[in-house]
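Everything below concerns the one structure shown next.
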Amino acid sequence: MTARVEHGVTSGTFTLDGETFDVDNNVWVVGDDIECVVIDAPHDVDGILAVVGDRRVKAILCTHAHDDHVRVAPALRERVQAPVFLHPADRPLWDLTHTDEMWDVDLDDGVEIEVAGTTLRTIHTPGHAPGAVCFHAPALGVLFTGDTLFRGGPGATGRSFSDRDVLVTSIRERLLHLPDATVVHTGHGDDTTIGEERAGVVED
Ligand SMILES: [Zn+2]
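In this text, residue positions in the sequence shown follow our numbering: the first is 881, and each later residue adds one.
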């Protein structure tokens, strides 16, 4: 059985720098009928488990540690008994949300996660957050970008721990070499492709 991608949307808030916004977040689940991984753990565990069903969760992969992506990571871990993965450069952001719980496994550029016979490769793409990562599944032709790249361009960089130049460099040097047809599954909103975004980012 080959791996497939499913997704749900949770609604809640994002808080940083003393401001709070209403947001809808994508939760991505990659797997087959037996096992899966969950990409990001936003607002509510039950909304995520509705996509997971009764499959075994091998890992909870966090694209970055903004609170709308990691808020229920420890609670989800408790429910499904799976380790939480995060790039350690996002420790300052994680600590804003989770003061007495840690993630389990450090992500780094090149770390590979196997699930349902396919491989997710970690690409470190700092800028939106220092520890922001994307997950590339070459065999599926998909890239999970969190808030690094959206339909319409790079993610936001107006708040603490963000850097616009670093973000654009990450996208140009680490993502735009992927095939044009690569489907980009984002942290918020609609899918796009590398080909659709290339022009906008290069001319930026
Ligand atoms: Zn974010």
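Each residue gets a CB set at the ideal place from its N, CA and C atoms; glycine is no exception.
- Distance from the CA of Arg936 to the CA of Ile914, rounded to the nearest whole angstrom, comes to 6 angstroms.
- One Cα belongs to Asp980, the other to Gly1075, and the distance between them is close to 42 angstroms.
- Of the candidates Val909, Ile940 and Thr1037, the residue whose Cα lies closest to the Cα of Thr1049 is Thr1037.
- The straight-line gap separating the alpha-carbon atoms of Val985 and Asp934 is approximately 24 angstroms.
- Taking C-beta atoms as the reference points, Val991 and Ala955 fail to come closer than 9 angstroms.
- The C-beta separation of Ala1079 from Thr998 comes to about 29 angstroms, leaving the pair out of contact by the 8 angstroms criterion.
- Ligand 1 never approaches Asp897 closely enough for any of its heavy atoms to be under 8 angstroms from the residue's Cβ.
- Relative to the Cα of Ser891, the nearest Cα in the group Val917, Val1081, Gly1069 and Arg959 belongs to Gly1069.
- The distance from the Cβ of Leu1055 to that of Leu1029 is about 6 angstroms, consistent with a contact at the 8 angstroms cut-off.
- Bounds of the beta strand (DSSP E) holding Trp908 are Glu899 to Gly911.
- Boundaries of the alpha helix (DSSP H) harbouring Glu958: Ala953 to Val960, taken from the DSSP string.
- In the DSSP annotation of this structure, Gly1026 is not part of any alpha helix (DSSP H); the continuous beta strand (DSSP E) holding it starts and ends at Val1022 to Gly1026.
- Here the C-alpha atom of Thr1002 lies approximately 10 angstroms from the C-alpha atom of Leu1023.
- Non-local beta-carbon contacts of Thr1066 in its own chain, meaning distances under 6 angstroms to residues more than five positions away in sequence, involve Thr1025 and Phe1030 in chain order.
- By the neighbour-count definition (other C-beta atoms within 10 Å, threshold 16), Gly1033 is an exposed residue.
- For the 9 angstroms CB-CB criterion, Cys942 and Asp912 do not form a contact.
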